[in-house]
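Novice: Just passing along the structure, written as structure tokens.
Numbering (this note's numbering), first residue to last: 81 to 520.
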């Protein structure tokens, strides 16, 4: 894949001038649908003769891709490559530069179009990844480069069946789920592939999504256009890269529970509606956790354990300004907040906020500028009893996504992380990254 990326970029910059996608085409923007159902690449259509304007780099396969999608079979393939440098601070800034990347294959079967099951669909997501990038050099509580999770040969990241009832007002999903695509969604801060790279600006990993992947089920209820609910359960002992059958179906099995309410509002403006979604959620965590409490000196006893922890979270996004009713170019803002009980969690409060402007520069309608900040605040009990220097972490990120073609985006990114690892004694870190994403 490294060779593929280098060859592609070389061809791009050595070839003819690359035009920005025509301004008459709607500017793409992540919507509030599960990220597992890829929405950043335009739907297939007969490929125009110009290679640089194909929706995907491999085109329409002579019309076969469109015919397959019309029949209910959709294949999306993405390659993401990140180069990161820990410029200063953190654990180590000496030659602290690394590469990482992911290859993702999404196969979606629409059983209704296939005339197999009315209202049914199946999604399989396979992934291959390599590299830790600079995350170990920084030593932060968050990962500056999300998805840099070391070397893994191809594995199944999602595999689930979904069925729609009552005109799609109720949808039920069951299987091997990625809960980051189900709860705590956000239109402007929810994809490390095309938006912010830092994990704390991608999701609220403290309160909303403590264990992101495993066997589980979810129900989506949308009684009206402006109101929705998400509820479900997940394997409380799930392990990454494992199928989950040994942990889900065993004696004393425990399950995470989650419930989220979505308010979808639209405010009118002279240039079109300004949509926003306001999510309010709670998470039940069954795992036993050590209680932070003083222990008698010289007494070596195991800590008291407490179960049934509950967390609360908010995730808001709102489009504030729209340039034209013809597309979604404009300014959008986001805000997240999460809470966990300090008796058993070292992080109690977490929040993030920021904005994205799509099409800020004239004629660059598909480019996006994003700025975000986050903060993790420590538990008083943990700091007093376990680690007096542990206060929490604050970080900021700025990126500019350059949409060179509909299928290729290059994103320079810079992050500043204060007190990485939550320690006042740690050196503030400055991280630079460059990301390339190809829709194949």
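By construction, the Cβ of each residue, glycine as well, lies at the ideal position given by its N, Cα and C atoms.
Would you say residue 213 and residue 475 are within 9 angstroms of each other, going by their C-beta atoms?
Specialist: Indexing the chain shown from 1 puts residue 213 at position 133. Indexing the chain shown from 1 puts residue 475 at position 395. Contact flag unset, no.
Novice: Which word fits residue 118, buried or exposed, when buried means at least 16 other C-beta atoms lie within 10 angstroms of its C-beta?
Specialist: Numbered from 1 along the chain shown, position 38 holds the residue referred to as residue 118. Unreliable placement is indicated for residue 118, whose pLDDT of 48 sits below 50; the coordinate value is still reported in the next sentence. Flag for residue 118 reads buried.
Novice: So, residue 399 versus residue 355, is the Cβ gap smaller than 9 angstroms?
Specialist: Residue mapping note: residue 399 aligns to position 319 of the chain shown, counting from 1. Residue mapping note: residue 355 aligns to position 275 of the chain shown, counting from 1. Yes. Within cutoff.
Novice: Out of 449, 177, 472 and 202, which one is the CA nearest neighbour of residue 187?
Specialist: For this step, residue 187 is matched to residue 107 along the chain shown. Comparing Cα-Cα distances from residue 187 to each of 449, 177, 472 and 202, the minimum goes to 202.
Novice: According to DSSP, simplified to helix, strand and coil, what is residue 105?
Specialist: Here residue 105 refers to the residue found at position 25 of the chain shown. The pLDDT assigned to residue 105 is 37, lower than 50, so where the model puts this residue is not dependable; a value taken from the coordinates is nonetheless given after this. In the three-state reduction of the DSSP assignment, residue 105 falls in the coil class.
Novice: For residue 362, which option in 130, 311, 215 and 406 has the closest C-alpha, if you only look at C-alpha atoms?
Specialist: What you label residue 362 is simply residue 282 of the chain shown in a count that begins at 1. Of the candidates 130, 311, 215 and 406, the one whose C-alpha sits nearest the C-alpha of residue 362 is 311.
Novice: Can you tell me the Cα-Cα spacing of residue 171 and residue 494, whole angstroms?
Specialist: Looking up residue 171 in the chain shown gives position 91. Looking up residue 494 in the chain shown gives position 414. Near 18 angstroms, if we compare the C-alpha coordinates of residue 494 and residue 171.
Novice: According to the neighbour-count rule (16 or more other Cβ atoms, all chains shown, within 10 Å of its Cβ), is residue 234 buried or exposed?
Specialist: Indexing the chain shown from 1 puts residue 234 at position 154. Exposed.
Novice: Starting from residue 180, follow its DSSP beta bridges and name the residues at the other end.
Specialist: Stepping through the chain shown from its first residue, residue 180 is reached at position 100. According to DSSP, residue 180 bridges with 162.
Novice: Per the contact definition of three or more C-beta pairs closer than 8 angstroms, is the segment 435-450 in contact with the segment 381-396?
Specialist: no
Novice: Can you tell me where the alpha helix (DSSP H) holding residue 147 begins and where it ends?
Specialist: Numbered from 1 along the chain shown, position 67 holds the residue referred to as residue 147. Here the alpha helix (DSSP H) through residue 147 covers 144-151.
Novice: For the structure I just gave you, are there three or more beta carbon pairs, one from the segment 188-199 and one from the segment 141-148, closer than 8 angstroms?
Specialist: Fewer than three beta-carbon pairs drawn from the segment 188-199 and the segment 141-148 are found closer than 8 angstroms, and the two stretches are therefore not classed as touching.
Novice: Can you name the start and end residues of the beta strand (DSSP E) that residue 223 belongs to?
Specialist: Position 143 of the chain shown holds residue 223. For residue 223, there is no enclosing beta strand (DSSP E), as DSSP marks it with neither H nor E.
Novice: At what residues does the alpha helix (DSSP H) containing residue 207 begin and finish?
Specialist: As a position in the chain shown, residue 207 is number 127, starting the count at 1. Looking at the DSSP string, residue 207 is not in any alpha helix (DSSP H); the run it does join, the beta strand (DSSP E), is 200-210.
Novice: For residue 340, which of 262, 425 and 174 has the nearest alpha-carbon?
Specialist: The sequence position of residue 340 within the chain shown is 260, counting from 1. It is 262 whose Cα lies nearest to the Cα of residue 340.
Novice: What residue does the beta strand (DSSP E) around residue 465 start on, and which one ends it?
Specialist: Translated into positions along the chain shown, residue 465 becomes position 385. Element bounds for residue 465: not the beta strand (DSSP E) but the alpha helix (DSSP H), 460-465.
Novice: Just to confirm, are residue 38 and residue 264 a CB contact at a threshold of 9 angstroms?
Specialist: Outside the shown range of the chain (81 to 520) lies residue 38, about which nothing can therefore be said.
Novice: I need the DSSP call for residue 131, collapsed to helix, strand or coil.
Specialist: Residue 131 sits at position 51 when you count from the first residue of the chain shown. In the structure shown, the three-state DSSP call for residue 131 is helix.
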